[in-house]
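Student: Can you keep this structure in mind? I'll have questions shortly.
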Amino acid sequence: MTNNEFYWEFWGAFVPPSLEKTLETLNQEFDKYYNTPEFQKDLDYYFKTFVWRPTPITHLENISKELWWAQIYIKREDMTNIWAHKINHSLVQWLLAKRMWKTELIAETWAWMHWVSVATMWAKLWMKTKIFMWEKDVRRQYMNVQRMKLLWAEVVSVTQGDKKLKDAVDAALEYYINNTDSYYLLGSALGPYPYPKIVRKWQEIVWKECLYQFPEISWQENPDYVIACVWWGSNAIWIFSAYIDKENVKIIWVEWGWTDVSTLWEHAARMKWIWWKLWTFHGYKSIFIQTKKDEIASTSSISAGLDYPWIWPEHAYLSEIWRAEYEYAYDNEVLEAYKLTAKLEWILPALESSHALAYAYKLAPSLDKDKKILINLSGRWDKDLETVIEKL
Ligand SMILES: Cc1ncc(COP(=O)(O)O)c(C=O)c1O
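Position in the sequence shown (from 1) plus 4 gives the number in the numbering used here.
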């Protein structure tokens with residue numbers, strides 16, 4: 005099954021025949037339920053009472069003064085009940101899984117935001133949950149693994165392959181192919197069609213809120229710049245979507261650049277550099293970073309949540325049509341941004357989100373006083389505290 009309705013050659017569903025039917029059913033069930041008043045009513049109710057929406061926009065007044073001129077605002081996805089944006093689509097997929105009478109949720113994971121959100125939804129629905137993680141993450145995210153276990157999720161430690169996230173995805177996909185009655189709860193806008201379509205749709209709440217909140221707090225209809233960190237691309241596309249058709253708004257995504265320019269071959273900055281290629285992998289076609297030997301590259305990152313060589317098809321498309329700019333931040337800049345935000349604003353961001361802050365803090369001093377920057381603060385600090393203490 006392929007779908008050419010979106011984003012040129014990016015996208016598609018390249019899966020074994022046994023999964024084709026499951027994905028088609030998912031697509032149909034999504035189209036059947038999503039726009040019904042009952043579904044929207046449930047969504048509205050749980051967004052308000054369980055996810056704690058709307059999340060506010062905060063003006064970073066002290067930092068804006070310190071950096072001397074442009075005004076910086078953050079959309080507070082760190083203030084949902086799991087402290088990250090991932091809960092938004094977990095909630096919606098949970099509502100769909102419930103309507104599809106699924107009894108088991110599965111997910112692969114990298115950073116704990118996604119699996120905590122999945123486990124949280126499990127605990128609420130009383131569904132069996134299996135989370136596939138690569139071995140190193142099970143160790144480096146010890147506290148969060150314990151948290152998941154308290155939420156009664158089963159953590160499957162993946163040891164085959166390179167022990168990287170892609171192996172956790174492989175393991176989860178393999179399980180899904182053999183257990184098509186389960187619901188594969190994807191944590192970002194990726195994977196075979198229809199996942200990118202439905203995950204994108206399920207986060208529209210974020211940009212809808214921005215459209216009325218930003219003018220209220222800034223006295224300007226739209227920001228001049230919108231900035232987000234990108235890994236697979238979900239938090240970025242949700243905030244960018246409000247502004248893609250507004251030509252005066254500059255869209256900037258920030259990837260992970262590791263320590264300095266000498267480590268280029270292991271960074272995860274996919275768009276800024278030339279050595280990427282169109283590949284079909286994990287069921288979809290998009291841009292992947294490649295090695296000198298023409299293989300898919302292995303990345304390393306200070307933040308578990310940006311450590312991946314793939315990119316969501318719509319971002320690949322936005323890059324191709326020059327609608328978005330692609331930048332990256334080095335680890336030391338990320339840690340400086342983290343420290344500055346903590347010191348001046350009393351806000352501790354996730355390391356992923358600190359990439360977006362780092363770039364904005366570099367950009368702000370070069371802009372006029374009346375320019376306004378909106379950043380998506382995709383998550384908060386807790387999961388990264390040990391890493392930050394170690395690095396600082
Ligand atoms: C807090 C946080 N921000 C951002 C990301 C990046 O994911 P995405 O690009 O899908 O928003 C992650 C990934 O786990 C995350 O945990």
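Beta carbons are placed, not taken as given, at the ideal position from N, Cα and C, and that holds for glycine. Nothing here was measured: the structure is a model prediction, and the numbers come from that model.
For a quick check, are the C-beta atoms of Ile110 and Ser192 less than 7 angstroms apart?
Tutor: The answer is no: Cβ separation not under 7 angstroms.
Student: Using the DSSP secondary-structure output, state which residues sit across from Trp242 in a beta bridge.
Tutor: Partner(s): none; Trp242 has no beta bridge.
Student: Taking contact to mean at least 3 C-beta pairs separated by less than 8 angstroms, is the region 230 to 250 in contact with the region 367 to 384?
Tutor: In short, these stretches touch, since the Cβ pair count reaches three.
Student: Out of curiosity, what's the CA-to-CA distance linking Ser245 and Cys214?
Tutor: Going by the C-alpha atoms only, they are around 10 angstroms apart.
Student: Which of helix, strand or coil does DSSP assign to Val55?
Tutor: Three-state DSSP puts Val55 in a helix.
Student: For a test of your reading of the model: does the CB of Gly383 fall under 6 angstroms from any non-hydrogen atom of ligand 1? Yes or no.
Tutor: Yes.
Student: Could you tell me the distance, in whole angstroms, from the CA atom of His286 to the CA atom of Pro196?
Tutor: Spanning the two alpha carbons is a distance of roughly 7 angstroms.
Student: Less than 8 angstroms between the CB atoms is what I'm expecting for Asn92 and Val149, so what's the real figure, rounded?
Tutor: About 23 angstroms; that fails the 8 angstroms criterion.
Student: Could you tell me if Gln32 is buried or exposed, where buried requires 16 or more neighbouring beta carbons within 10 angstroms of its beta carbon?
Tutor: Exposed, by the Cβ-count rule.
Student: Using the three-state DSSP reduction, which class does Thr391 fall into: helix, strand or coil?
Tutor: Of the three classes helix, strand and coil, the one that applies to Thr391 here is helix, per DSSP.
Student: Check for me: the alpha helix (DSSP H) holding Glu337 runs from which residue to which?
Tutor: Run containing Glu337: Asp335 to Glu349, per the alpha helix (DSSP H) assignment.
Student: In the DSSP assignment, find the unbroken beta strand (DSSP E) run with Val234 in it and report its ends.
Tutor: Per DSSP, Val234 belongs to no beta strand (DSSP E) and is neither H nor E.
Student: Please report the distance separating the alpha-carbon of Lys153 from that of Ala101.
Tutor: About 21 angstroms.
Student: Threshold first: 4 residues or longer. Then list the alpha helix (DSSP H) segments lying entirely within the region 29 to 85, N to C.
Tutor: Segments of the alpha helix (DSSP H) lying fully in the region 29 to 85: 41 to 50 and 65 to 71.
Student: At a cut-off of 6 angstroms, would you count Val234 as near ligand 1, judging by its Cβ distance to the nearest heavy atom?
Tutor: Yes, Cβ of Val234 sits closer than 6 angstroms to a heavy atom of ligand 1.
Student: Nearest-angstrom Cα distance between Leu322 and Trp206?
Tutor: Rounded to whole angstroms, Leu322 to Trp206 spans 20 angstroms at the Cα level.
Student: Expressed to the nearest angstrom, what Euclidean distance is found between the alpha-carbon atoms of Ala232 and Tyr247?
Tutor: In a straight line, the C-alpha of Ala232 is about 13 angstroms away from that of Tyr247.
Student: Grab me the residues of Ser161's own chain with a C-beta within less than 7 angstroms of its C-beta, minus the 5 sequence neighbours each way, in chain order.
Tutor: Here the set comprises Met137, Glu139 and Val142.
Student: I'd like the ranges of any beta strand (DSSP E) spanning at least 3 consecutive residues and lying wholly in the region 143 to 231.
Tutor: As far as the region 143 to 231 is concerned, its whole beta strand (DSSP E) runs of at least 3 residues are 158 to 162.
Student: Taking the beta strand (DSSP E) that Ser290 belongs to, which residues open and close that run?
Tutor: Unbroken beta strand (DSSP E) run through Ser290: Tyr288 to Ile293.
Student: What three-state label does DSSP hand Arg103 in the structure shown?
Tutor: Three-state DSSP puts Arg103 in a helix.
Student: Would you say the beta carbon of Asn85 comes nearer than 6 angstroms to a heavy atom of ligand 1?
Tutor: Because no heavy atom of ligand 1 lies under 6 angstroms away, the Cβ of Asn85 does not count as near it: no.
Student: Rounded to the nearest angstrom, what separates Thr84 and Lys375 at their Cα positions?
Tutor: Rounded to the nearest angstrom, the two C-alpha atoms are 28 angstroms apart.
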